[in-house]
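Visitor: Got a structure here, written out as structure tokens. Questions coming.
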Amino acid sequence: MSDSTTIYLLRHGDRFDYSIGKDAWVARCRTSASLAPSDPPLSAGGHAQAREVAAHLASVGRIDMIIVSPYLRTLQTAQPLAHATGLPLCVDFAVAESHQRPAALPPLDTRLPYFPEIDTSYSPLMASVAVDGTGVEPRIEHLRRLLFLSQALQRPPFRGKTVVVVTHAASVALIAALRGSDLLGAGQLAARDARLGRDCAEAEGDAAACGVAKLVVGAHGRADVVERGDDASSYLRGPAGLTGAWGFANSAQPLETSERLWREAQRLGPADPAAVPPHTPAVGWRSNSGDAVEYEPESEPHTADPIYFTSQ
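All residue numbers for the sequence shown refer to our numbering, where the first residue is 8 and numbers rise by one.
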């Protein structure tokens with residue numbers, strides 16, 4: 008067996024909440040007992056993208072495992088790939104969305120009627136994420152989580168395998184973790200690098216909707232980026248949708264702040280899964296809990312400002 012591990016980093020498809028608009032999605036969540044603002048489904052176009060990227064990945068060669076974030080949009084993105092390959096879906100908080108409230112997600116067994124491909128025997132690398140006193144994962148903990156993931160993917164049962172990681176835009180930080188680079192190098196387009204006067208040789212690109220970045224991790228432990236994930240036009244035939252490509256320079260948080268957090272995360276070291284309590288959904292895991300929830304500003308298509316809302 009080869010010591011090289013191949014990782015396909017796949018971002019979810021176009022989001023339904025972006026396709027109908029923030030206000031319309033918030034209105035639906037306010038009147039629903041089960042819709043979570045941070046857990047939207049894919050749009051119709053996003054479902055088409057998921058089918059197309061599944062066909063693309065199924066054609067590139069052997070795939071051994073599919074690791075998927077517990078969010079609805081990632082499960083829906085991964086499902087056609089499970090059908091195309093016959094592989095189960097290994098749900099893992101290690102690849103979950105950044106800076107979100109895990110209690111807003113339903114128990115995993117409630118997903119099974121809609122996603123019977125979920126492997127209930129899989130032992131996740133992380134059963135939840137670290138949260139602060141408000142129940143939200145601090146950004147630095149997300150970065151430490153990806154540092155942990157970068158190490159875990161180089162150990163059994165992943166070492167020497169081809170693994171598809173179905174995740175979110177901010178997981179481009181995994182590229183930085185595997186390459187030992189800064190966040191700018193891992194998640195920013197070369198054109199933007201040039202405007203900032205930065206060396207763009209290390210820029211692996213943003214994460215597009217259903218964009219696939221291919222990384223090969225050798226015995227030396229450092230990843231080579233074989234394919235970037237910022238452009239999916241070669242295998243997606245339909246409209247791009249409103250979920251734009253994203254890198255850390257597109258975040259509502261200043262890039263300098265993100266880089267400072269990244270350096271601090273590296274100083275603190277990878278997250279410790281044993282220190283993270285199990286996933287505990289909120290009572291009814293309903294959206295209208297009265298808490299302010301961040302509306303994933305890093306992927307918001309219309310503005311760079313953070314968007315918050317409170318479900319009453």
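Every residue gets a Cβ at the ideal spot worked out from N, C-alpha and C, and that includes glycine.
1. Identify, in the order they occur along the chain, each residue of the same chain with its Cβ nearer than 7 Å to the Cβ of alanine 85, setting aside the five sequence neighbours on each side.
2. Does the beta-carbon of alanine 214, which I'm using as the reference point, lie nearer than 8 Å to any heavy atom of the ligand GDP?
3. Whose CA, out of Glu148, Val67, Pro246, Gly28, lies closest to the CA of arginine 274?
4. If serine 105 and histidine 175 are in contact, beta carbons under 8 Å, what's the gap, nearest whole angstrom?
5. Buried or exposed for alanine 31, going by 16 or more other Cβ atoms inside 10 Å?
6. If we call anything under 9 Å between Cβ atoms a contact, is arginine 151 one with proline 277?
7. Answer with buried or exposed for arginine 108, where buried requires no fewer than 16 other C-beta atoms within 10 angstroms of its C-beta.
8. Just to confirm my understanding: we take leucine 153, look at its own chain, exclude 5 residues before and 5 after, and list those with CB closer than 6 Å. What are they?
9. May I ask which residues mark the beginning and end of the beta strand (DSSP E) holding glutamate 148?
10. For the alpha helix (DSSP H) holding leucine 185, just list the boundary residues, first then last.
11. Using 9 Å as the threshold, is the C-beta distance between proline 77 and valine 98 below it?
12. For alanine 281, does the three-state DSSP call read helix, strand or coil?
13. Taking C-beta to C-beta, are alanine 89 and glutamate 124 nearer than 9 Å?
14. Just to check my reading of the structure: alanine 91 and alanine 43 have Cβ atoms closer than 8 Å, yes? What is that Cβ distance to the nearest angstrom?
15. Among residues of its own chain, excluding the 5 on either side of aspartate 238, which ones have a beta-carbon nearer than 8 Å to its beta-carbon?
16. Rounded to a whole number of angstroms, what is the C-alpha to C-alpha distance between leucine 16 and lysine 221?
17. Exposed or buried, what is histidine 227 when buried is set at 16 or more other beta-carbons lying within 10 Å of its beta-carbon?
18. Can you tell which of Ser135, Leu262, Ser241, His63 has its C-alpha closest to the C-alpha of aspartate 189?
19. Using a 10 Å radius around the Cβ and a threshold of 16 neighbouring Cβ atoms, would you call alanine 272 buried or exposed?
20. Going by DSSP, name the residue or residues bridged to lysine 221.
21. Hey, how far is the Cα of asparagine 295 from the Cα of lysine 29?
22. Glutamate 38 lies in the alpha helix (DSSP H); which residues open and close that run?
23. Contact defined as beta carbons within less than 8 Å: I believe leucine 79 pairs with aspartate 46. What is the distance between those atoms, to the nearest angstrom?
24. Which stretch, first to last residue, makes up the beta strand (DSSP E) that contains isoleucine 73?
25. Among Tyr25, Val33, His63, whose alpha-carbon lies nearest the alpha-carbon of glycine 52?
Guide: Checking against the coordinates, here is how it stands:
1. Ile73, Val75, Leu96, Val173
2. Of ligands this structure carries none, so the ligand GDP is not represented either.
3. Glu148
4. 7 Å
5. exposed
6. yes
7. buried
8. Ala180, Leu181, Ala184
9. Here glutamate 148 belongs to no beta strand (DSSP E); instead the alpha helix (DSSP H) covers 146-159.
10. 180-186
11. yes
12. helix
13. yes
14. Not quite, the Cβ-Cβ distance comes to about 28 Å (not below 8 Å), so this is no contact.
15. Gly212, Ala215, Gly218, Ala252
16. 6 Å
17. exposed
18. Leu262
19. buried
20. Tyr15, Glu234
21. Because asparagine 295 carries a pLDDT of 43, less than 50, the predicted location of this residue cannot be relied on, and the following value inherits that uncertainty. Using only the alpha carbons, I get a separation of about 16 Å.
22. Correcting the residue type first, residue 38 is threonine in the shown sequence and not glutamate. Where threonine 38 is concerned, there is no enclosing alpha helix (DSSP H), given that its DSSP letter is neither H nor E.
23. 5 Å
24. 72-75
25. Tyr25
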